[in-house]
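Under the numbering used here, think of the first position of the sequence shown as 6, with each following residue one higher.
In what follows, a single structure is set out as structure tokens and then discussed.
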Amino acid sequence: CAWVAVVTGGKLWKAPAAGGAPVTLCELPEPFSPAAGGAWRKDGRIVFCTGSGGLLEVGSKGGDPTSILEPVEGTEEDFHNVAALPDDKGLLFIVHRTEGFDQIDVLADGKRRQVIRLPGQSLSFPVYSPSGHILFRRSPTNAGIWALPFSLSRLEASGEPFLAVPDGALPSVASDGTLVYVHGNLAARSQLVWADRSGRVLGTIGPVQEQDPFPALSPDGVLLACAVTENDNRDIWIIDTVRETRTRLTFEDGRDALPVWSPSGDKVYYQWGASTDQFTIRMRSSDGTGEPVDLVKGWGPRLSPDGRFLLYDSHEGGAWNIWYLPLGSDGTPAGEPVHFLKSKSSDVGPALSPDGRYLAYFSDESGTDQVYIKRFPEGDGKWQASVSGGHWPRWSADGRTLYYASGQDILAVRVEAGSSLKLGTPERLFARPPSGVSVAFGWSSGFDLTADGERFVFLQASDEERETKPAGIMVAQNWYAEFSSQAGR
Numbered sequence: 006c007a008w009v010a011v012v013t014g015g016k017l018w019k020a021p022a023a024g025g026a027p028v029t030l031c032e033l034p035e036p037f038s039p040a041a042g043g044a045w046r047k048d049g050r051i052v053f054c055t056g057s058g059g060l061l062e063v064g065s066k067g068g069d070p071t072s073i074l075e076p077v078e079g080t081e082e083d084f085h086n087v088a089a090l091p092d093d094k095g096l097l098f099i100v101h102r103t104e105g106f107d108q109i110d111v112l113a114d115g116k117r118r119q120v121i122r123l124p125g126q127s128l129s130f131p132v133y134s135p136s137g138h139i140l141f142r143r144s145p146t147n148a149g150i151w152a153l154p155f156s157l158s159r160l161e162a163s164g165e166p167f168l169a170v171p172d173g174a175l176p177s178v179a180s181d182g183t184l185v186y187v188h189g190n191l192a193a194r195s196q197l198v199w200a201d202r203s204g205r206v207l208g209t210i211g212p213v214q215e216q217d218p219f220p221a222l223s224p225d226g227v228l229l230a231c232a233v234t235e236n237d238n239r240d241i242w243i244i245d246t247v248r249e250t251r252t253r254l255t256f257e258d259g260r261d262a263l264p265v266w267s268p269s270g271d272k273v274y275y276q277w278g279a280s281t282d283q284f285t286i287r288m289r290s291s292d293g294t295g296e297p298v299d300l301v302k303g304w305g306p307r308l309s310p311d312g313r314f315l316l317y318d319s320h321e322g323g324a325w326n327i328w329y330l331p332l333g334s335d336g337t338p339a340g341e342p343v344h345f346l347k348s349k350s351s352d353v354g355p356a357l358s359p360d361g362r363y364l365a366y367f368s369d370e371s372g373t374d375q376v377y378i379k380r381f382p383e384g385d386g387k388w389q390a391s392v393s394g395g396h397w398p399r400w401s402a403d404g405r406t407l408y409y410a411s412g413q414d415i416l417a418v419r420v421e422a423g424s425s426l427k428l429g430t431p432e433r434l435f436a437r438p439p440s441g442v443s444v445a446f447g448w449s450s451g452f453d454l455t456a457d458g459e460r461f462v463f464l465q466a467s468d469e470e471r472e473t474k475p476a477g478i479m480v481a482q483n484w485y486a487e488f489s490s491q492a493g494r
């Protein structure tokens, strides 16, 4: 009987591929991220990663999972994307080091060895190919599926890696060498657009370029900050939507992302770094004067409407938790960071209401990402705003509407504040066209909107990308014969 492994309801299950009742294998430890991955062994055992620790294993008939390998304390965070080698010769996995997600290791007969490390790169989804290669996803430099010659007998690399499938992701290889992969990646060229409340595109913003799907409008709605990749380096750029000019704001080596404006519009806060433990939130004057100022270790900055607090996420114990940092009048720290929301789930994307009393965010606590609201700064009270999933909440200027993304859809929820909150039924405003850019963890692409709530800005795939790089699942039989010649092998 062929089986399919499924994670739902905090448990690991297996279900007959031909249909039938699922079988519970084990309770999953908390916190747990299904995106961390798992693999079947030849005898039916399943090895999996939690996203917050080492490799765990459960027998084919179920039971309590046992640890088979733990990260090195102090230098490693966790393991991801475990994959089995043929005939149970070993396990491949990605090492999430504190310095980056840049290493593939193999575990065989209880012994662990490094296969490859590429500093400054992000590696994911290693799989073995019967052609004698390990295929894996690499970014940001020459992003795509790479192939590393690999000796199955010696369990070590036997050559230099080469780019096999530009723009490819999520490789999977059958025993006959057939490669299945997803086409499309973060380096896709895309276009920022204006749209009205019905989703009708009103115009374009800036050029077609490689950019992240998280635009940020200035308080007056004239300037737009975005993260743009040029020459394998990602920086923050400012686009004047009226004068149609663009100016580069940051010049650091590395990967700047997720810009946000101060309430007065004179400063831009953004994230810098290549990996979870390296993410630093920086601030710079929006006119480019002065030098960037490091504020705090964290990810995904947002400002309170009065500029008194910097809200952000910090990765601890395998989960994202929301913190805030008190700020002085000059936008620099005026106190110690405060842990706002302590939980075993990942809580992301904080957004404060205009009066500063309520904080919206999204969380995977139910097993599905949903948008919630809590009182700020007390942290008590809790209201679920979304129904069928949601990401990246944004408040209207009057605080009476909460907008959020769910896949391609943009939705709105009416909010009535009093001694408690009363929320309306989510209303679907429109569906965005595909952005052409993939987002981590299955999250939706971001968006922003003007203060009056009448115009939205988001990313859509350029005409060129839609014509030449259609998104979807691709199949390549005998991939090595097809792609190695293209790579000059």
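We treat Cβ as the ideally placed atom computed from N, Cα and C, and that holds for glycine.
Who are the near neighbours of residue i in its chain, counting only those whose CB is closer than 8 Å to its CB and skipping five residues on each side?
i: Asp92; result: Lys47
i: Cys231; result: Leu197, Gly211, Gln216, Asp217, Phe219, Pro220, Ala221, Ile241, Trp242, Ile244, Pro264
i: Gly149; result: Arg142, Arg143, Leu168, Ala169, Val170, Pro171, Asp172, Gly173, Ala174, Asn190
i: Asp385; result: Lys379
i: Glu81; result: Val100, His101, Arg102, Thr103
To the nearest angstrom, how far is the alpha carbon of residue i from that of residue j?
i: Gln482; j: Gly182; result: 7 Å
i: Pro34; j: Ala44; result: 17 Å
i: Ser223; j: Asp110; result: 44 Å
i: Phe98; j: Gly56; result: 12 Å
i: Gly259; j: Val298; result: 16 Å
i: Ser136; j: Val185; result: 15 Å
i: Lys347; j: Pro124; result: 32 Å
i: Ser301; j: Arg287; result: Checking the sequence shown, residue 301 turns out to be Val, not Ser. Whole-angstrom Cα-Cα distance: 8 Å.
i: Leu315; j: Leu308; result: 5 Å
i: Trp266; j: Lys349; result: 30 Å
i: Ser72; j: Asp318; result: 28 Å
i: Arg433; j: Arg419; result: 12 Å
i: Asn236; j: Phe256; result: 12 Å
i: Glu472; j: Ser291; result: Below a pLDDT of 50, predicted positions are generally treated as unreliable, and Glu472, at 49, falls in that range; no measurement from the model is reported.
i: Phe53; j: Asn86; result: 8 Å
i: Pro131; j: Pro176; result: 8 Å
i: Asp468; j: Lys16; result: 43 Å
i: Glu296; j: Leu228; result: 20 Å
i: Arg239; j: Glu75; result: 33 Å
i: Arg248; j: Ser195; result: 21 Å
i: Thr13; j: Asp83; result: 22 Å
i: Ala422; j: Arg405; result: 8 Å
i: Leu90; j: Thr337; result: 51 Å
i: Ser180; j: Pro310; result: 56 Å
i: Gln126; j: Leu428; result: 43 Å
Out of the options, point me to the one whose CA is closest to residue i's CA.
i: Thr103; options: Phe284, Phe463, Ser424; result: Phe284
i: Thr430; options: Ser391, Asp403, Pro398; result: Ser391
i: Leu96; options: Glu249, Leu112, Asp83; result: Leu112
i: Ala324; options: Gly336, Gly303, Leu308, Arg313; result: Gly303
i: Tyr485; options: Val178, Gly404, Asp311; result: Val178
i: Glu499; options: Val418, Ala365, Phe256, Phe345; result: In this structure the chain extends from 6 to 494, so residue 499 is not present and cannot be described.
i: Val120; options: Pro166, Gly278, Gly105; result: Pro166
i: Glu321; options: Leu315, Gly58, Ser72, Phe106; result: Gly58
i: Ser351; options: Asp114, Trp448, Asn236; result: Trp448
i: His138; options: Pro268, Leu153, Thr80, Asn238; result: Leu153
i: Leu140; options: Arg194, Arg117, Ala88; result: Ala88
i: Lys94; options: Thr252, Arg117, Ala445, Lys272; result: Arg117
i: Gln108; options: Gly115, Asp114, Ser129; result: Ser129
i: Ala466; options: Gly477, Gly441, Glu487; result: Gly441
i: Gly305; options: Thr13, Gly293, Asp311, Tyr274; result: Tyr274
i: Lys272; options: Gly278, Thr252, Gly293, Arg253; result: Gly293
i: Ser269; options: Arg253, Phe463, Gly226, Gly278; result: Gly226
Does residue i come within less than 8 Å of chain D when only Cβ atoms are used?
i: Phe167; result: In summary, chain D is missing from the structure at hand, where a single protein chain is found.
What does a CB cutoff of less than 6 Å around residue i pick up in its chain, not counting 5 residues either side in sequence?
i: Val9; result: Ala20, Ala22
i: Arg460; result: Trp199
i: Ala262; result: Asp217, Ala232, Gln276
i: Leu408; result: In the sequence under discussion, the amino acid at residue 408 is Tyr, which differs from the Leu named in the question. Contacts found: Arg399, Ala417.
i: Ala339; result: Pro331, Leu332, Gly333
i: Ala7; result: Ala22
i: Gly394; result: Thr373, Asp374, Ser411
Apart from the five residues just before and just after residue i, which ones in its own chain have a Cβ nearer than 7 Å to its Cβ?
i: Asp201; result: Leu207, Glu459, Arg460
i: Ile327; result: Leu316, Asp318, Phe345, Leu346, Asp352, Pro355, Tyr366
i: Arg313; result: Pro331, Leu332
Please look up how many angstroms separate the CB atoms of residue i and residue j, rounded, as I've assumed it's under 8 Å.
i: Leu426; j: Trp388; result: 5 Å
i: Ile478; j: Val187; result: 6 Å
i: Phe435; j: Ser450; result: Not confirmed; about 14 Å, so no contact.
Quiz item: Any contact of the segment 363-371 with the segment 330-339, i.e. 3+ C-beta pairs under 8 Å?
Solution: no
Quiz item: Do the segment 150-161 and the segment 452-462 meet, that is, are 3 or more Cβ pairs less than 8 Å apart?
Solution: no
Practice problem: Specify whether the segment 63-74 and the segment 23-34 touch according to this definition: at least 3 beta carbon pairs, one from each stretch, less than 8 Å apart. | Solution: yes
Quiz item: Would you call the segment 352-367 and the segment 411-418 touching, i.e. three or more CB-CB distances under 8 Å?
Solution: no
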